[in-house]
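The structure under discussion appears below in the form of structure tokens.
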Amino acid sequence: MNIHEYQGKQLFREAGVPVLDGVHCTNVEQALAAYDELNSEVVAVKSQIHAGGRGKGTLYDVKSGSIVMEGGVKIAFNRDEVEKYATNIIGHRLVTKQTGIEGKIVNNLYIESGCSIAHEYYLAILIDREEKSVLIMASTEGGVDIEEVAESSPEAIHKIWVDPAAGLLGFQKRNLGMNLGLSGSALKSFSKMLGNLYNVFNDNDCSMIEINPLVRSTDDEIIALDAKVGFDSNADFRHQKSWVQMRDISEEDDAEIRAGEADLSYVNLDGNIGCLVNGAGLAMATMDVIKLYGGEPANFLDVGGGANEEQVKTAFSIILEDPNVEGVLVNIFGGIMRCDIIARGVIAATEALSLEVPLVVRLAGTNVNEGKAILAASELNIHPADSLADGAKKIVALIGGGE
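Counting along the sequence shown from 1, when you hit position 97 you're at 123 in our numbering, and nothing is skipped either side.
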């Protein structure tokens with residue numbers, strides 16, 4: 027689960043991470059009132075969407091598709107500029123490198139007071155699953171795409187790994203700060219900020235915190251000028267009340283919301299072959315094999331180990347809502363999940379949804395013979411497959427794909 031910058035800034039503020047004063051707005055009038063309230067000579071007018079690269083994005087008119095303005099983050103030096111930028115941002119479609127060409131409608135603004143900047147840095151806290159540690163990355167090259175820095179100047183990215191059992195240690199904070207060229211009061215400010223930021227990450231079960239840029243002001247204070255925060259959804263049971271309040275449904279895909287409500291794991295992709303699989307690993311393998319035989323998966327969909335007929339029907343309806351889907355591959359390995367239940371769910375979905383695209387079903391594992399018999403007796407246009415490779419070949423051929 028992701029949250030907006032203004033929400034992340036509030037978490038930072040409460041934890042003692044230095045941030046500038048700012049006001050969340052949803053219309054132009056509120057933006058102007060925020061400018062008056064902040065009483066700052068310079069303010070930043072920031073679009074709020076769940077995607078990075080806002081400053082380099084392009085705003086489009088929703089109806090005409092014409093370009094409204096370049097850049098979703100603007101610096102305003104007076105009230106008129108605040109009005110101009112807020113008008114050009116609110117209600118328009120912002121396209122960035124991370125949104126894809128469809129972009130996101132901007133419904134929220136953040137008006138933030140300015141500060142005098144001496145240098146910009148990059149900072150991120152992530153989970154490194156291979157090392158079973160928390161990874162903290164920092165660079166002196168802030169304010170730019172970190173991917174470009176990693177490619178052109180990998181030596182500019184400094185990393186430390188934190189043992190979750192021991193926590194972030196004092197020498198680690200100091201060493202990272204010195205690697206960024208900090209000293210004196212700036213180093214002291216950085217160490218304190220980083221300790222508090224790690225607490226935010228740990229206490230809130232975050233999967234990621236990214237600040238780009240983190241800045242050193244002219245009076246050597248380290249300030250978070252950005253806040254990109256994501257939570258680990260596996261910890262929802264510990265934070266359910268607070269997370270519900272911060273969740274912005276309008277930023278999420280409708281199909282993914284429906285899937286979550288049905289206890290399904292669904293991610294929309296760009297291909298044309300719908301996938302219905304049980305188990306995340308098998309789902310990834312299924313997508314890989316589809317690509318191996320010249321196809322493109324339209325989604326990741328894991329029905330889990332204990333799905334019932336209704337969940338299978340819901341999964342099919344979500345897949346078929348995607349207008350790009352030209353065929354569907356069902357790949358089930360029955361363990362806890364029984365193949366006969368999947369077969370009944372497939373038939374119920376096919377009949378209820380009037381399935382018009384090719385459907386290939388591969389079943390293996392618990393009650394596989396019963397499942398295959400149910401499918402065979404249905405007299406529906408279902409193509410059985412003996413293996414994943416066979417299923418991928420068949421669905422690619424049926425939609426006229428492949429090499």
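Ideal placement from N, C-alpha and C gives every residue a C-beta, glycine not left out.
Residue i burial status per 10 Å Cβ neighbour count (16 or more: buried)
| i | result |
| --- | --- |
| M204 | exposed |
| S276 | exposed |
| I238 | Note that residue 238 corresponds to Asn in the displayed sequence, not to Ile. By the 10 Å Cβ count, N238 comes out buried. |
| E377 | exposed |
| L206 | buried |
| R242 | buried |
| K430 | Residue 430 is absent from the model: the chain starts at 27 and stops at 429. |
| L379 | exposed |
| S217 | buried |
| T430 | One cannot answer for residue 430 here, as it falls past the ends of the chain, which runs 27 to 429. |
| N260 | exposed |
| S73 | buried |
| A144 | exposed |
| A375 | buried |
| L406 | exposed |
| A192 | exposed |
| N134 | buried |
Within 9 Å, strictly: CB atoms of residue i and residue j
| i | j | result |
| --- | --- | --- |
| G175 | A164 | With the sequence shown as reference, residue 175 is identified as Val, and Gly is not the correct amino acid for it. No. |
| S139 | S215 | no |
| I75 | Y86 | no |
| I358 | C232 | no |
| V386 | A403 | no |
| Y32 | G48 | yes |
| T312 | A418 | yes |
| L149 | E236 | yes |
| L240 | E96 | no |
| V452 | V45 | The structure shown does not extend to residue 452, since the chain is modelled only from 27 through 429, so no value can be given for it. |
| I137 | L64 | yes |
| V383 | V354 | yes |
| E352 | I299 | yes |
| N15 | G297 | This structure cannot speak to residue 15, because the chain is shown only from 27 to 429. |
| F342 | G371 | yes |
| S159 | P190 | yes |
| R284 | I345 | no |
heavy atom of the ligand MG below 8 Å from residue i C-beta
| i | result |
| --- | --- |
| V270 | Questions concerning the ligand MG fall outside what the structure shown contains, since it holds no ligand whatsoever. |
Contacts around residue i, its chain only, beta-carbon distance under 6 Å, and the 5 residues preceding and following it disregarded
| i | result |
| --- | --- |
| A309 | V303, F326 and D328 |
| E287 | none |
| G83 | G98, L120, V121 and T122 |
| I373 | S404 |
| L295 | P323, A324 and N325 |
| G34 | A253 and V255 |
| M234 | L152 and G256 |
| K100 | V71 and Y111 |
| A212 | R242 and D246 |
| Q198 | I186 |
| G169 | E146 and P239 |
| A306 | D328 |
| E128 | none |
| L251 | P239 and V241 |
| L220 | K199 |
Cut-off 8 Å between Cβ atoms - residues of its own chain near residue i, not counting five sequence neighbours on either side
| i | result |
| --- | --- |
| G210 | D246 |
| D416 | R388 |
| V88 | G117, H118, R119 and I131 |
| D279 | N294 |
| R200 | L213 and S217 |
| S179 | E167 |
| T113 | V54 |
Spatial neighbours of residue i in its chain, beta-carbon cut-off 7 Å, leaving aside the 5 residues before and after
| i | result |
| --- | --- |
| W269 | M27, F257 and D262 |
| V315 | L414, A415 and A418 |
Worksheet item: If you scan the stretch 252-286 from start to end, which runs of the alpha helix (DSSP H) of 4 or more residues do you find wholly inside it?
Response: 262-272
Discussion item. Using 8 Å as the cut-off, can you tell me whether the stretch 121-139 makes contact with the stretch 69-87, which would need three or more C-beta pairs spanning the two stretches below that distance?
Written reply: yes
Worksheet entry | Segments of 3+ residues assigned as beta strand (DSSP E) that fall wholly inside the stretch 38-74 | 48-51 and 69-74
Discussion item. Any contact between the stretch 387-407 and the stretch 267-276? By contact I mean 3 or more CB pairs, one from each, below 8 Å.
Written reply: no
Worksheet item: Curious, which full-length beta strand (DSSP E) runs of at least 3 residues does the stretch 380-423 contain?
Response: 385-391 and 408-411
Worksheet entry | Contact between the stretch 39-49 and the stretch 215-230 (3+ Cβ pairs under 8 Å) | yes
Worksheet item: Is the stretch 367-375 in contact with the stretch 396-407, if contact means three or more CB pairs nearer than 8 Å?
Response: yes
Fill in: Unbroken stretches of the alpha helix (DSSP H), 4 residues or longer, contained in the stretch 191-239
196-205 and 210-229
Item to complete: Assess, as a yes-or-no matter, whether the stretch 337-348 is touched by the stretch 289-306 under the definition of 3 or more beta carbon pairs within less than 8 Å.
Response: Three or more beta-carbon pairs separated by less than 8 Å link the stretch 289-306 to the stretch 337-348, which places the two stretches in contact.
Worksheet item: Can you list, in chain order, the stretches of the alpha helix (DSSP H) that have 4 or more residues and sit fully within the stretch 117-196?
Response: 172-178
Worksheet entry | beta strand (DSSP E) runs wholly inside the stretch 310-353, at least 3 long, in chain order | 325-328
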